[in-house]
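Using the numbering used here, the first residue of the sequence shown is number 15, and each one after it goes up by one.
Backbone N, C-alpha and C define an ideal beta-carbon position, used for all residues, glycine too.
Single-structure report; data block below.
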Amino acid sequence: MSLLERIKEEERKIHGELTALSQAIYEHPELGHEEYEACRLHTEILKKHGFEVEVGSEGMKTAFHAVYKSSKPGPAFGFMSEYDALPEIGHGCGHNMIGTVGTGAGIVLSKVIEEVGGSVEVFGTPAEETWGGKVVFADNGRVDHLCAAMMAHPNANYHRSGEALAIEALRFEFYGKPAHASSFPDKGINALEGAIQTFVNINGLRQHIKSDARIHGVITNGGTVANVVPEYACADFYVRASTKSYLDELVEKVKNCARAGALSSGCEIKISNYEASYCHLITNKTMDDLFTQNLLDAGVPKVYPPRTSKGSNDMSNISFRCPAIHPYFGIDETGEVVGHTREFAKQTMTDYAKEQIHYVVSAMAMTGAQILMDEDLRKKIREEFDHAER
Ligand SMILES: [Zn+2]
Ligand SMILES: [Zn+2]
């Protein structure tokens with residue numbers, strides 16, 4: 015029996031456990047850093063299948079790290095599991111399925127690891143939608159030893175791993191001085207004006223930025239009543255760019271727009287980050303080709319080129335530390351369901367979506383096995399990683 019056939023057979027043995035895991039997390043959605051139940055369910059099943067499990071990794075209560083070692087020393091391959099939900103709409107990003115296929119692939123690979131050699135690791139990474147648990151794992155050097163890592167995200171259709179924009183979440187707070195807006199306007203310092211001038215300056219900056227960069231913001235506090243000069247104003251922005259190095263350059267320019275707004279209005283300014291910053295995604299093409307072929311071999315009829323719509327995700331920070339991919343798998347036969355909606359959450363529970371777990375888990379486990387077994391392949395992957403644009 016071929017290795018892929020054996021892997022497919024191992025997946026069939028645990029398929030019922032995997033669909034139950036996805037369903038339990040779907041029925042009990044938890045927000046980032048509050049995913050206690052999801053973390054418990056994942057670690058329970060991993061322990062049951064013989065993994066050594068650490069819960070609460072890197073000071074994050076709902077993070078985990080699970081390891082299964084063969085008796086043959088060798089490289090380690092990593093799978094990333096996510097399980098956070100969105101406010102109001104539950105698993106509208108399908109992270110119940112991301113966690114399931116990551117943990118599932120880890121278990122399936124562990125069943126053949128004695129023959130493959132090396133080890134398999136599963137990382138439980140909380141709060142992808144907000145504070146990016148993977149950023150903490152990456153920053154603390156917890157993935158540097160991996161020969162490669164991957165995850166897979168549900169989507170309408172199957173897509174190869176592509177690009178994701180680097181992102182920084184900037185908060186500008188302006189501090190002025192209140193006064194009666196009509197009787198004593200000269201005594202006030204208008205914090206809202208600081209925020210408004212920031213938007214005006216950024217609109218000017220937009221003419222001179224690279225075409226795929228994005229700057230978008232809102233005023234979250236602009237004063238309370240019209241007859242008091244606003245003493246406090248707050249504006250939140252996302253700045254995105256196709257590379258981390260250009261993002262850093264752009265963020266400095268955006269900060270200067272806000273500083274200029276504060277200067278012209280006479281306000282004090284405080285600048286902070288209100289969510290984690292993500293790097294751009296470095297897709298390892300060698301790994302992506304391998305995984306795509308494995309999906310086709312496992313029975314997926316078609317894998318589309320990378321998605322053209324660009325978001326940002328915390329797998330990107332992992333991709334700066336070790337070779338990685340972030341592909342999408344299709345859960346809607348019509349190819350139309352849209353992410354971050356209630357319909358998407360419901361779609362993860364359909365028979366069609368559950369059937370895809372067979373293919374995705376098998377192809378993920380197969381990809382890990384091939385990379386662990388083949389030193390030349392690992393060299394090729396590492397070479398590409400070393401030369402990627404940062
Ligand atoms: Zn999302
Ligand atoms: Zn997502």
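If the five residues before and after E49 are omitted, its C-beta is found closer than 7 Å to the C-beta atoms of T76, Y97, D98, P140, all from its own chain and listed in chain order. When secondary structure is reduced to three states using DSSP, M165 falls in the coil class, being assigned neither helix nor strand. Burial state of Q361 is buried, judged by a 10 Å Cβ sphere holding 16 or more other Cβ atoms. Within the stretch 72–137, the runs of beta strand (DSSP E) at least 3 residues long that lie entirely inside it are, in chain order, 78–83, 90–95. Nearest neighbour of E357 by Cα position, chosen from K61, A170, G120, G146, turns out to be A170.
Ranked by how close their Cα comes to the Cα of F91, the residues F399, T364, L386 have L386 in first place. Residue environment for M329: buried (at least 16 other C-beta atoms within 10 angstroms of its C-beta).
Taking 7 Å as the cut-off, the C-beta of H167 counts as close to a heavy atom of ligand 2.
From the listed residues E102, G116, T257, the smallest Cα separation to V375 is found for G116. According to the DSSP secondary-structure assignment, E282 is paired through a beta bridge with Y189. Under DSSP, Y292 forms a beta bridge with I181. Looking at the DSSP output, V253 sits in a beta bridge with E182, I229. For E68, the enclosing beta strand (DSSP E) covers residues 66–69. Taking the CA atoms as reference points, E24 sits about 12 Å from H63. According to DSSP, residue pairing for I203 in a beta bridge involves K191.
8 Å or more divides the Cβ of E187 from the Cβ of C271. DSSP, reduced to helix, strand and coil, places F399 within a helical segment of the structure shown.
Taking non-hydrogen atoms of ligand 2 into account, the C-beta of C107 is found less than 7 Å away from one of them. In this structure, the C-beta of G353 approaches ligand 1 to less than 7 Å from one of its heavy atoms. Its chain contains S376 as the residues whose beta carbon lies nearer than 6 Å to that of K22, once the 5 sequence neighbours on both sides are disregarded; these appear in chain order. In the structure shown, H47 falls within a coil segment according to DSSP collapsed to helix, strand and coil. The shortest CA-to-CA distance from Y260 to any of R228, L123, V157 is the one to R228.
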